[in-house]
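All remarks here apply to the structure that follows.
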Amino acid sequence: MKKKTIILILGLAIILISGFIITSRVIYNSRFESNYNAPADRKEAWLQDLTHFQKNYYKVCKSFPVDSIYKSNKIIDSIKENIDSFSDNKIKLLISHCVSMADDAHTAVYFRNFRRIPLRLYLFDDGLYVIKAKKGFEQYLGKEVVTICDKSIDELLEILDYYKSGNKSWIENESSYFLASPDFFEAANLSPTSDSIKYEFADKKDSFTSYLYPIKNTDQTDEYSSWMDLSPVGTIKTDTVGWKHVLNGLSLPLYLSYLNDEYHVEYFDSLKMMYIQINASNSSEGFNRAIKNFLDSNDVQHLIIDLRFNGGGDYTELAAFSKTIPQKVKGKIFIITGKATFSAGICIAARLKYFSKGRAIIIGQNSGDRLQFWAEGRQFSLPNSKIVARAVYGFHDWKNDNFELFMTHWINLFYGVAAKDLTPDVPVKLLFKDYYKGIDKTMTEITTLHNTRYSQ
Numbered sequence: 022m023k024k025k026t027i028i029l030i031l032g033l034a035i036i037l038i039s040g041f042i043i044t045s046r047v048i049y050n051s052r053f054e055s056n057y058n059a060p061a062d063r064k065e066a067w068l069q070d071l072t073h074f075q076k077n078y079y080k081v082c083k084s085f086p087v088d089s090i091y092k093s094n095k096i097i098d099s100i101k102e103n104i105d106s107f108s109d110n111k112i113k114l115l116i117s118h119c120v121s122m123a124d125d126a127h128t129a130v131y132f133r134n135f136r137r138i139p140l141r142l143y144l145f146d147d148g149l150y151v152i153k154a155k156k157g158f159e160q161y162l163g164k165e166v167v168t169i170c171d172k173s174i175d176e177l178l179e180i181l182d183y184y185k186s187g188n189k190s191w192i193e194n195e196s197s198y199f200l201a202s203p204d205f206f207e208a209a210n211l212s213p214t215s216d217s218i219k220y221e222f223a224d225k226k227d228s229f230t231s232y233l234y235p236i237k238n239t240d241q242t243d244e245y246s247s248w249m250d251l252s253p254v255g256t257i258k259t260d261t262v263g264w265k266h267v268l269n270g271l272s273l274p275l276y277l278s279y280l281n282d283e284y285h286v287e288y289f290d291s292l293k294m295m296y297i298q299i300n301a302s303n304s305s306e307g308f309n310r311a312i313k314n315f316l317d318s319n320d321v322q323h324l325i326i327d328l329r330f331n332g333g334g335d336y337t338e339l340a341a342f343s344k345t346i347p348q349k350v351k352g353k354i355f356i357i358t359g360k361a362t363f364s365a366g367i368c369i370a371a372r373l374k375y376f377s378k379g380r381a382i383i384i385g386q387n388s389g390d391r392l393q394f395w396a397e398g399r400q401f402s403l404p405n406s407k408i409v410a411r412a413v414y415g416f417h418d419w420k421n422d423n424f425e426l427f428m429t430h431w432i433n434l435f436y437g438v439a440a441k442d443l444t445p446d447v448p449v450k451l452l453f454k455d456y457y458k459g460i461d462k463t464m465t466e467i468t469t470l471h472n473t474r475y476s477q
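In this text, residue positions in the sequence shown follow this note's numbering: the first is 22, and each later residue adds one.
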């Protein structure tokens, strides 16, 4: 075949492929737009929203198995037939159930508008406790929540699991928001109204019941991060005006002292150990350089990388860190994970373990997702209710590092690793009694391991 013919064929192929890519991108982007006339009433508004969801969401969100799309559409059809008998909150929760059928934690509906009671709750490993209270409700601080709407916390977690996707850790992490929301209990048919909800509290050996009402939502975020409420210094994306905290006036452990910072570093000279807390995976060039310089000029033998509150970001910003930093020390790399370790936080943990070459010790709680998950994507918004769901298109495999064309997030071709497993080698429970005393059992366990096994 002549050279000119080959060039012509290649040129035509490039044009056709480029045209296909551009056309596909235009069609993809158009599915996020809606062109309905202004609805005449509530029913028409919801019909437009539900139709837009059915026609377009499954086309742009790649995490759905075919059978799940069929089941989800059956539920959407049922909602259409019962709009007049369903509250807005009920419809939103049912849409969330449909989205959860993808069985992927990133594929989720954002619940930014559900109202909550004037208390902030957190699910510890020994129970659900009140950790923040609006002024006037301080008497609830430190109390355990035993039942809500006469349901045990375990029963409520099972119900929540029906409406939200994710592993056990992620459902528990997300539960703090929903278990404080009367709108959730009304929508889930656990209460006939969202005006007030029955809570049973325990205080030592006594218990008492209160009916609590919702207040206006003032948190400035699409996604609620329950861990930010764990510390009185946590102010990012959370409402702090007029609130009292159960730890006010108490000495805070290290892991709760710098929640507003993306990164925090401490050096324990007596242990020859460096502690690095990473709460977000964002721009980090200066951070990486500072860590390397410190390691080069000090006798650091072991590392503690605290990712228990790292809920994501861009993991490639810490790709160099997660590869080179483990090589800077000869000892153990303690990687702390927790229920809020999610998305890019999991990617970083996987890379740290892989490049530690057998020296990594995973310690803490199970991470908030599996090692194989969908991510990357954009927000899909319904035109009238403004409900937002995440539509994902990039698959991650941090277990085996298998790469599948047109499915795997492309950047993982360069940065992906096979971490195999992130289950804690040393499980550590987060108990309210330790939290209230300012004890970080995870750091205590690391110190014990160092002194008894790895000090030489």
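Glycine included, C-beta positions come from ideal geometry on N, C-alpha and C.
Being a predicted model, the structure only gives us computed values, none of them experimental.
From the options, residue whose alpha carbon lies closest to that of residue i
i, options, result
"Thr20", "Asn269, Leu280 and Leu271", "This structure gives no information on residue 20, because the portion of the chain shown stretches from 22 to 477."
"Val409", "Lys225, Trp191, Asp70 and Lys155", "Asp70"
"Phe205", "Ile169, Trp431 and Phe229", "Ile169"
"Asp109", "Arg63, Asp446, Lys80 and Glu466", "Arg63"
"Pro253", "Ala154, Arg329 and Asp171", "Ala154"
"Leu144", "Thr128, Asn309, Ala123 and Val167", "Val167"
"Leu233", "Met249, Tyr296 and Tyr161", "Tyr161"
"Asp335", "Ser302, Asp455, Asn405 and Lys76", "Ser302"
"Val413", "Glu65, Lys454 and Val81", "Val81"
"His430", "Asp171, Asp442, His417 and Ser304", "His417"
"Gly359", "Ala66, Ile346 and Leu452", "Leu452"
"Ala311", "Tyr220, Glu54 and His285", "His285"
"Met464", "Ser406, Arg411, Ser121 and Ile383", "Ile383"
"Arg136", "Asn238, Gly385 and Tyr296", "Asn238"
"Ser215", "Tyr184, Ile138 and Asp282", "Ile138"
"Leu316", "Met294, Met249 and Glu397", "Met294"
"Pro203", "Asn134, Asp250 and Asp146", "Asn134"
"Lys441", "Gly415, Tyr57 and Gln393", "Gln393"
Residues of its chain near residue i, where Cβ-Cβ distance is below 8 Å and the 5 sequence neighbours each way are ignored
i, result
"Val438", "Ala371, Arg372, Tyr375, Phe376, Trp419 and Asp422"
"Ile432", "Thr337"
"Tyr475", "His323, Gly352 and Lys353"
"Ala341", "Asn309"
"Thr44", "Caution applies to Thr44, whose pLDDT of 49 falls short of 50 and renders its modelled position unreliable; the value that the coordinates give is listed next. Excluding positions up to five away in sequence, the list is empty."
"Lys555", "The structure shown does not extend to residue 555, since the chain is modelled only from 22 to 477, so the question has no answer here."
"Thr230", "Lys219, Tyr220, Glu221 and Phe222"
Cβ neighbours of residue i in the same chain (closer than 6 Å, five flanking residues each side left out)
i, result
"Gly163", "Val267"
"Tyr79", "Phe85 and Ile90"
"Ala66", "Pro60 and Asn405"
"Ala208", "Asn110, Lys111 and Leu114"
"Ile297", "Val286 and Ile326"
Cβ-based burial, residue i [other Cβ within 10 Å; buried from 16]
i, result
"Asn314", "exposed"
"Tyr245", "buried"
"Val151", "buried"
"Glu287", "exposed"
"Tyr198", "buried"
"Gly379", "exposed"
"Glu102", "exposed"
"Asp125", "buried"
"Ser196", "buried"
"Gly366", "buried"
"Gly187", "buried"
"Ile48", "Confidence is the limiting factor: at Ile48 the pLDDT is only 47, short of 50, which leaves the residue's position unreliable, though a coordinate-based value still follows. Exposed is the call here."
"Pro347", "buried"
"Lys83", "buried"
Cβ neighbours of residue i in the same chain (closer than 7 Å, five flanking residues each side left out)
i, result
"Leu177", "Ile169 and Leu200"
"Ile42", "For Ile42, the pLDDT reaches just 46, beneath the cut-off of 50, and the residue's location in the model is therefore unreliable, leaving the point undetermined."
"Phe132", "Tyr198"
"Ser55", "His73 and Pro404"
"Asn94", "Gln75"
"Val120", "Thr128, Ala129, Val130 and Ala410"
"Asp320", "Lys293"
"Leu251", "Tyr143, Ile152 and Leu277"
"Ile100", "Leu71, Phe107, Ile112 and Leu115"
"Glu466", "Ile384, Val447 and Val449"
Short Cβ contact (8 Å threshold) for residue i with residue j
i, j, result
"Ala361", "Gly385", "no"
"Gly459", "Pro274", "yes"
"Phe355", "Trp248", "no"
"Asn269", "Asp282", "no"
"Ser117", "Lys185", "yes"
Closer than 7 Å: residue i CB and nearest the ligand HEM heavy atom
i, result
"His73", "The ligand HEM is not part of this structure, which contains no ligands at all."
request  = For the segment 274-304, list the beta strand (DSSP E) runs that are entirely contained and at least 3 residues long, ordered along the chain.
outcome  = Listed in chain order, the complete beta strand (DSSP E) runs (minimum 3 residues) inside the segment 274-304 are 284-289 and 294-299.
query = Curious, which full-length beta strand (DSSP E) runs of at least 3 residues does the segment 154-236 contain?
reply = Listed in chain order, the beta strand (DSSP E) elements of length 3 or more contained wholly in the segment 154-236 are 165-169, 218-224 and 227-233.
task = Scan the segment 311-364 and note each continuous alpha helix (DSSP H) run of 4 residues or more that stays entirely inside, going in chain order.
result = DSSP runs (the alpha helix (DSSP H)) wholly in the segment 311-364: 340-345.
ask   = For the segment 367-447, which segments carrying the beta strand (DSSP E) assignment without a break, of at least 3 residues, lie completely within its bounds, in sequence order?
value = As far as the segment 367-447 is concerned, its whole beta strand (DSSP E) runs of at least 3 residues are 381-385, 393-402 and 409-418.
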